[in-house]
Amino acid sequence: MTSVSCVRLAFAAAIAAPILALSPARADVVVHIDKSSQRMAVSVDGARRYNWPVSTGRRGYGTPSGVFRPQMLARRWYSKKYYNSPMPHSIFFHRGFAIHGTYELTRLGGPASHGCVRLHPSHAAMLYGLVERNGRGGTRIEITN
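Note that the sequence shown covers residues -27 to -1, 1 to 118 in mature numbering (1 follows the signal peptide of the UniProt record, and there is no 0).
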């Protein structure tokens, strides 16, 4: 390597270092859904940020319990299985199960779905943006009874 090449490399590294230092670090997002209370708590880097009412699966249509990672994000989605129902800001986490917005606002706070986790459309949009910014790998979904 010539001395000119070394100078160029050193200059490029000196310029890139401050830019890398200013890049926001990826946050750890934890979405905890408690089926017994029908609530969702969202924490970012260990600090609780949101606590929202949800609707999980009604009798005969259980929402799976466990720990999951988002598998797919869809800003606009319609259920192929249930009457082409709108599922805005869907975060699919296990097979066909997703966290998504609902327009049946009066049903929030009680079991009402076919197994998905429903929440207010504005809350779904906020959660979707958080997961999209922080990445599927940086997001953990915990669902308990």
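Glycine is no exception: its CB is placed at the ideal position from the N, C-alpha and C atoms.
Val90 and Ala20 have their C-alpha atoms spaced approximately 22 Å apart. Tyr51 is bridged by DSSP to Pro59.
Going by DSSP, His73 is part of the beta strand (DSSP E) stretching over Phe70 to Gly74. Burial check for Met45: the Cβ neighbour count within 10 Å stays below 16, so the residue is exposed. In the DSSP annotation of this structure, the continuous segment of the alpha helix (DSSP H) that includes Ala97 starts and ends at Pro94 to Asn107.
DSSP, reduced to helix, strand and coil, places Thr79 within a helical segment of the structure shown. At the C-beta level, His87 and Tyr23 stay beyond 8 Å of one another. Partner residues in the beta bridge of Gly39, as assigned by DSSP, are Ile116.
In the three-state DSSP reduction, Gly111 falls in the helix class (H, G or I). Exclusion of the five residues before and after Ile114 leaves Val4, Phe41 and Phe66 as the residues of its chain whose Cβ lies within less than 6 Å of its Cβ.
Where Ser16 is concerned, the enclosing beta strand (DSSP E) starts and stops at Arg12 to Val17. Going by beta carbons, Val27 and Arg12 fall inside the 8 Å limit.
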